[in-house]
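Residue numbers (the working numbering): 1 to 90. For every residue, glycine included, the Cβ atom is placed at its ideal position computed from N, Cα and C. Below is one structure; the comments refer to it alone.
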């Protein structure tokens with residue numbers, strides 16, 4: 001029975017990590033991401049009416065386009081990249 005303990009711990013740990021990842025993904029909506037990066041753009045002097053959002057590709061879940069600036073966000077709402085007129089910023 002002792003040989004099963006490490007396997008059981010691994011299974012439980014994997015289950016907990018999957019649950020946490022699912023919980024985080026469920027908690028972030030498209031609206032949350034759009035509002036977050038629109039607020040960032042407005043804080044830099046832009047207007048909220050300049051912003052639109054489109055689906056991303058690959059790792060990018062959603063792109064928030066505010067004027068010439070494009071915010072690339074992951075499924076968890078994390079900023080992956082910002083594209084500015086002068087070139088991309090990581």
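Can you give me the start and stop residues for the beta strand (DSSP E) that residue 43 sits inside? Looking at the DSSP string, residue 43 is not in any beta strand (DSSP E); the run it does join, the alpha helix (DSSP H), is 30-43.
What does residue 55 pair with, by DSSP beta-bridge criteria? The partner list for residue 55 (beta bridge, DSSP) reads 62.
Just to check my reading of the structure: residue 28 and residue 76 have Cβ atoms closer than 8 Å, yes? What is that Cβ distance to the nearest angstrom? 6 Å
Got a sec, what are the start and stop residues for the beta strand (DSSP E) residue 84 sits in? 79-84
Check whether the Cβ atoms of residue 33 and residue 73 sit closer than 8 Å, and answer yes or no. yes
May I ask which residues mark the beginning and end of the beta strand (DSSP E) holding residue 73? 69-73
So, does the segment 52-69 touch the segment 77-86, judging by three or more C-beta pairs under 8 Å? yes
Could you compute how far the alpha carbon of residue 81 sits from the alpha carbon of residue 56? 12 Å
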